[in-house]
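These notes concern the structure reproduced below.
Protein chains: 4
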Amino acid sequence: MYNFTNDYSEGCHPNILAALADSNLTQQPGYGNDEFTLQAVQYIREKCGATPVDVHMVAGGTLANLLVLVSALKPFESIIAVETGHINNHEAGAIEATGHKIETVKTPDGKLRPADFAHLLKKFPEYHTVKPRIVYISNTTEIGTHYTKSEVAELSAYCKANNLLLFMDGARMAMGLMAEGNDLQLADIAALTDVFYLGGTKVGALLGEAIIISNDSLKKDFKYHMKQRGALMAKGRLLGVQFAALLKDDLMFDLAKHANGLAQRMAKVFRELGYGFLTPSVTNQIFPILPNALITELSKEFGFFSWKKIDESHTAVRLITSWATPAEQVDRFIAAVQAYKS
Amino acid sequence: MYNFTNDYSEGCHPNILAALADSNLTQQPGYGNDEFTLQAVQYIREKCGATPVDVHMVAGGTLANLLVLVSALKPFESIIAVETGHINNHEAGAIEATGHKIETVKTPDGKLRPADFAHLLKKFPEYHTVKPRIVYISNTTEIGTHYTKSEVAELSAYCKANNLLLFMDGARMAMGLMAEGNDLQLADIAALTDVFYLGGTKVGALLGEAIIISNDSLKKDFKYHMKQRGALMAKGRLLGVQFAALLKDDLMFDLAKHANGLAQRMAKVFRELGYGFLTPSVTNQIFPILPNALITELSKEFGFFSWKKIDESHTAVRLITSWATPAEQVDRFIAAVQAYKS
Amino acid sequence: MYNFTNDYSEGCHPNILAALADSNLTQQPGYGNDEFTLQAVQYIREKCGATPVDVHMVAGGTLANLLVLVSALKPFESIIAVETGHINNHEAGAIEATGHKIETVKTPDGKLRPADFAHLLKKFPEYHTVKPRIVYISNTTEIGTHYTKSEVAELSAYCKANNLLLFMDGARMAMGLMAEGNDLQLADIAALTDVFYLGGTKVGALLGEAIIISNDSLKKDFKYHMKQRGALMAKGRLLGVQFAALLKDDLMFDLAKHANGLAQRMAKVFRELGYGFLTPSVTNQIFPILPNALITELSKEFGFFSWKKIDESHTAVRLITSWATPAEQVDRFIAAVQAYKS
Amino acid sequence: MYNFTNDYSEGCHPNILAALADSNLTQQPGYGNDEFTLQAVQYIREKCGATPVDVHMVAGGTLANLLVLVSALKPFESIIAVETGHINNHEAGAIEATGHKIETVKTPDGKLRPADFAHLLKKFPEYHTVKPRIVYISNTTEIGTHYTKSEVAELSAYCKANNLLLFMDGARMAMGLMAEGNDLQLADIAALTDVFYLGGTKVGALLGEAIIISNDSLKKDFKYHMKQRGALMAKGRLLGVQFAALLKDDLMFDLAKHANGLAQRMAKVFRELGYGFLTPSVTNQIFPILPNALITELSKEFGFFSWKKIDESHTAVRLITSWATPAEQVDRFIAAVQAYKS
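Residue numbers (my numbering), protein chains in the order written: chain A, 342 to 683; chain B, 342 to 683; chain C, 342 to 683; chain D, 342 to 683.
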């Protein structure tokens, strides 16, 4: 049995284990003031180009999302997001628990464009409704699509013109940046958003998301928020060591490329065999629509989620590959798919 | 320069690194459903004896404290704590951020007894004041003292009689349990409190506190609270592997004994040389009152905190040893102290 | 200029002014323990029939909504509501500010039926999503429709079967109960819901909503929540005197009937003249779709809101009558409408 | 039986009843945009002299306190107050429910001076503790003392120098301003504080506190906070009519003078008879220390609270007079006191 269930089934890349061992007994200051964290921050700043950024690392995506939002908003300000957004569905109300409303809109591809939410800025009467203040997008999105540079630039311009902040959830950022045809770089994101984060957990770290703040008004006192929400790690070195290892020689991006490549090999086979897809993903999670009989067959040897019933005899499934997925397992899977068809 | 600043300056015990490496590439379910976490929970249940407990591991102490308190309390219910309690001073308002008031009392030794807070149950008029519902204690306390079994039993009986819950913060639990003369066991704590946690971060883990719930009414839906507060780790295995390694053959307790022993060696020397102490600690943090000249001298080679000014020429300092402190560093420190005196 | 803008443009019914004057100088206990509040509670209990209820009066609808919801829910529990629900749009995020998510569904008539939200109970994976716990409905709804007894009974049965609470917002309850064809009584509502409120502000009081709790588990400590949210009035007599006056000899319901009757007279004229309606209201707020030229004409002498653009030349407007609307103003308005048509 | 229990036992001053009747049927905009509110705001602005202020009226003191504090603070910022402060004891945790910690200090007279709390600005380590941001004082204080102009000026200067805001709770402001020997005026308070409120409930209104904001940075979007906390009254006219009536020809201050005068007449008699006082009040609440036998005797005909046991045979009681207390009742009370002594 091999699992394509998610991209956090394995531990971490061996380089990280080695770096943890190497650094283990040196005494370091706590709470993110250690030398490894400083090194990782330095790597990130280089990637962000001309935009001066503050960087803070936290354990996971829900913490990153709630910290960014609670630190950016006044009590009556709201967040604009797509209905499929992670914060809206899979964080057990973490954002509302900080006191803020998420205003959602439906879009066909999990991406958000100004025309989708412009009406939310025209609510009336004043002070009886929440006041939109920040736009939340994910890249890649929850359904595997990703933004082009011009799409992010358009959002950025609209937000600036309308006194809105722009926040990009990057739990799967590396996969988006390495997607075939992508034209967006970290330096673009730093320049075009007010704050974003670069995920480590899903691309070879044991845990860790790096929150990267471009907008000066969001930088002050961020560590107070971290401490108050339980996100300030005593041994912050654990995060620093990992991000330093993942960013050295672009390891993180090579791992994302590996994950994308294997998923897209599977996608290519499905396409060639005539199967459709729920969403047009170009990254490491794909959603092919398969006959239920094939799903039953594949389930004997492979783990994955049934995502959405399409009709009586077809279901969309979600297949995820990771930095650690062996090419042989993908070969085995493809062979099983082809065997069924023939 | 060697630091006696805190007990989280180093990485983790080598057994943990080895266990991480051994388990690294096996695919595991996320969110605490992996086999290593199950193993760690099993170890903890055995330690807790006859009391059936639920166990959840989280990244740090602030998260553990806020999760326990937010899950146990209704909005108008308050927490009773000593003024020196960690939740009252060093968590940036994390508990109030969940909406709850901490009602504090002063005690001379950092410990809490029923007589210290009985008056808080008699506030009037009804529903104009908060309603005390949970008593928070730390063991060891923030100033290095620890509770006897009869003290905890007395608190437990009082709480039960007065419809109060009892919660023990165990960030330094292992040191307390291994303190010379201690008569309290984990099974006692499980039987006498409603919920407590067993700290890993300060006794050899990279991160991790195990929340242990005895009271059935607090068990239901705890994972919802964890997810909502960003405490549910995708790769929960990181916590499970560590606790399993630390609990195997009582490694955690051996490490605590090591830390306690070195601090108490230093304490013995100070006592023999006639120096007094701010508090009567029997664990791995001591607070000797030293001449400022000696402090200046020691600071050339050792790191530690000046804790409290006593008079013009004396200051209480805080010295902490850890699971990783080499005996030779303590020897060097003692030699420096003795050299100054002679 | 006469306004049909809302039902809170005037002060209060003269009986209330008289009752305030009569009771003015008698000394009374504060915080809702005065004799007038006790009298009002007694009137409400009689209306609620066999169901024993607790009653608490507060200043307004937003306070009533947030108090009921915050007292009924654990942090991770959510509210199910229609998208047009008052709590979702017109309370500036008051509910989210207490930490809870509102999960919304669209329905054509502002009413909610089990089939509309059953899917929200089947979200997965467990503890990654919020957990629905209470269903919020308004009667009359925000768009002037109202529930039949069998509709509420069906919701009630479904909620009980699915461990959900049922809460009815009754800011315009009196109008709903007095709507032509209504078969629902206060005693039915007390029996079928867990908690509801009976609005005073929109039916002749200066301010005041009476929260009525049937479910025993929601009764305890409600006054703590009230005090904590600033809803416990020192001179609670102000609320008690008003509700006692409004409930004596069913004054409140006569006033609602007056308001409904005038709005429905206007509706009848629009229907006869061939105009359509945005929603099929039977109470004191109606939404006729009118030519823009007529709207311009009417606006010269009457105040009301343009509600929704229908096409280039037509707009739905909202017309509200109140307990205080003089019949002559409605006559004048009707004459103006008829004059335009001819 | 006549009650000296509190200053909210009666309804409202007859001028208010008359003003409510006069204005009753005129149609007015809701939510504080009515002409009576505009008139009341105008009166207040005149009293505030050169300082331009925003004014918002709300139903009660707890709402006023929580609105000011939640609108002024970021999540990690704290409030400094005396331990006897109303927000710390008698609001059921209302402030903590908005997420903020109150840091308290003990003072002998219920007043706060910079030396009392300067140490709270020196907590360390940074971002592990809350960050003090606003100083809360009450005038008169909860124990009947009041601030001199120079005391408020000293606090104001210290706060400005230390990046702190200054907030004055004025639930009993009118009594403080009319206390014998007082040298503080509303214009001084507007100039020296960032925000304060002027209480109506305890000086002849049915309900109402007027929040007055001097600091520009606190003015923006205050109505959003009001709506979100349920404090924005649909019929805001109820507050406007009352404050307009109370401020016309300084009625409010005459009423406060009346209440102060009667309490001080009682105090003078107690002093002459040799009784001591718990606190040196100069306003409408006094705390004489009386023999228990006298208390028993007085309790037969008068209502009041026993406040604090002094010794086996003596107790401090609290006696409060109000705008509505008849002089004859005070005469009767004094006669009863004198009869006991002789």
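Ideal Cβ positions, reconstructed from N, Cα and C, are used throughout, including at glycine.
Environment of residue i [buried if 16+ CB atoms lie within 10 Å]
i: Pro393(B); result: exposed
i: Ala688(A); result: Here chain A covers residues 342 to 683 and nothing more, so residue 688(A) does not appear.
i: Asn374(A); result: exposed
i: Met543(D); result: With the sequence shown as reference, residue 543(D) is identified as Lys, and Met is not the correct amino acid for it. It is buried - the Cβ of Lys543(D) has at least 16 other Cβ atoms within 10 Å.
i: Gly465(D); result: Residue 465(D) is actually Phe in this sequence, not Gly. Per the 10 Å Cβ criterion, exposed.
i: Ser663(D); result: buried
i: Thr439(D); result: buried
i: Gln368(C); result: buried
i: Thr637(A); result: exposed
i: Ser479(B); result: buried
i: Pro621(A); result: exposed
i: Glu653(D); result: exposed
i: Met509(C); result: buried
i: Asp348(C); result: buried
Among the options, the one whose alpha carbon lies nearest that of residue i
i: Lys490(B); options: Leu358(B), Ala531(B), His460(B); result: Ala531(B)
i: Arg474(B); options: Ile421(B), Gly522(B), Ser622(B), Ala512(B); result: Ile421(B)
i: Ala400(C); options: Phe584(C), Asp672(C), Asp652(C), Glu669(C); result: Phe584(C)
i: Lys589(A); options: Thr346(A), Glu550(A), Ala381(A), Ala362(A); result: Ala381(A)
i: Leu506(D); options: Ala575(D), Gly602(D), Leu462(D), Asn556(D); result: Asn556(D)
i: Ala604(B); options: Cys500(B), Lys388(B), Lys464(B), Thr666(B); result: Thr666(B)
i: Gln383(D); options: His655(D), Ile553(D), Ile675(D); result: Ile553(D)
i: Ala360(D); options: Ala551(D), Gly581(D), Lys463(D); result: Gly581(D)
i: Gly390(C); options: Ala528(C), Asn504(C), Met398(C); result: Ala528(C)
i: Ser350(A); options: Ile357(A), Leu548(A), Ala575(A); result: Leu548(A)
i: Arg673(B); options: His655(B), Val610(B), Asp652(B); result: Val610(B)
i: Val671(B); options: Asp652(B), Ser683(B), Phe643(B); result: Phe643(B)
i: Leu407(D); options: Glu424(D), Leu619(D), Ala433(D), Lys388(D); result: Ala433(D)
i: His427(D); options: Ala413(D), Gly451(D), Leu414(D); result: Gly451(D)
i: Ala597(A); options: Asn429(A), Glu437(A), Ile661(A), Asp457(A); result: Ile661(A)
i: Val678(D); options: Asn625(D), Arg606(D), Ile651(D), Trp648(D); result: Arg606(D)
Presumed contact (8 Å Cβ cut-off) between residue i and residue j, rounded CB distance
i: Leu592(C); j: Ala600(C); result: Contact doesn't hold; Cβ gap of about 13 Å is too wide.
i: Ser364(C); j: Arg578(C); result: 7 Å
i: Phe594(B); j: Asp395(B); result: About 22 Å separates the two Cβ atoms, so there is no contact after all.
i: Gly522(D); j: Val623(D); result: 7 Å
i: Ile630(B); j: Ala657(B); result: 5 Å
i: Tyr338(C); j: Leu573(C); result: Here chain C comprises residues numbered 342 to 683, so residue 338(C) is not present and cannot be evaluated.
i: Thr481(D); j: Met516(D); result: 6 Å
i: Pro416(A); j: Val411(D); result: 6 Å
i: Phe628(B); j: Leu619(B); result: 4 Å
Contact test: residue i Cβ vs the ligand ZN heavy atom, cutoff 7 Å
i: Ala433(A); result: Looking at this structure, you won't find the ligand ZN or any other ligand, since it has none at all.
Any chain F beta carbon closer than 8 Å to residue i
i: Val396(B); result: Among the protein chains of the structure shown, namely A, B, C and D, there is no chain F.
In chain order, which beta strand (DSSP E) runs of at least 3 residues are fully inside the stretch 390-478 of chain C?
Whole beta strand (DSSP E) segments, 3+ residues: 395-399, 418-423, 443-446.
So within the stretch 642-670 of chain D, which uninterrupted alpha helix (DSSP H) runs reach at least 4 residues, ignoring any that extend past its ends?
Inside the stretch 642-670 of chain D, DSSP marks no whole alpha helix (DSSP H) run of 4 or more residues.
Below 8 Å, how does it come out for the stretch 441-460 of chain C and the stretch 475-489 of chain A: are there three or more Cβ pairs, yes or no?
Too few Cβ pairs lie closer than 8 Å, so no.
Examine the Cβ distances between the stretch 524-539 of chain C and the stretch 563-574 of chain D and report whether three or more of them are shorter than 8 Å.
No, because fewer than three Cβ pairs between the stretch 524-539 of chain C and the stretch 563-574 of chain D fall closer than 8 Å, the two stretches do not touch.
In chain order, which continuous runs of the alpha helix (DSSP H) of length 4 or greater are located wholly inside the stretch 507-541 of chain B?
Segments of the alpha helix (DSSP H) lying fully in the stretch 507-541 of chain B: 514-518, 527-533.
With a floor of 3 residues, list each beta strand (DSSP E) that falls wholly inside the stretch 536-599 of chain A, ordered by position along the chain.
For the stretch 536-599 of chain A, whole beta strand (DSSP E) runs of length 3 or above, ordered along the chain, are 536-540, 550-554.
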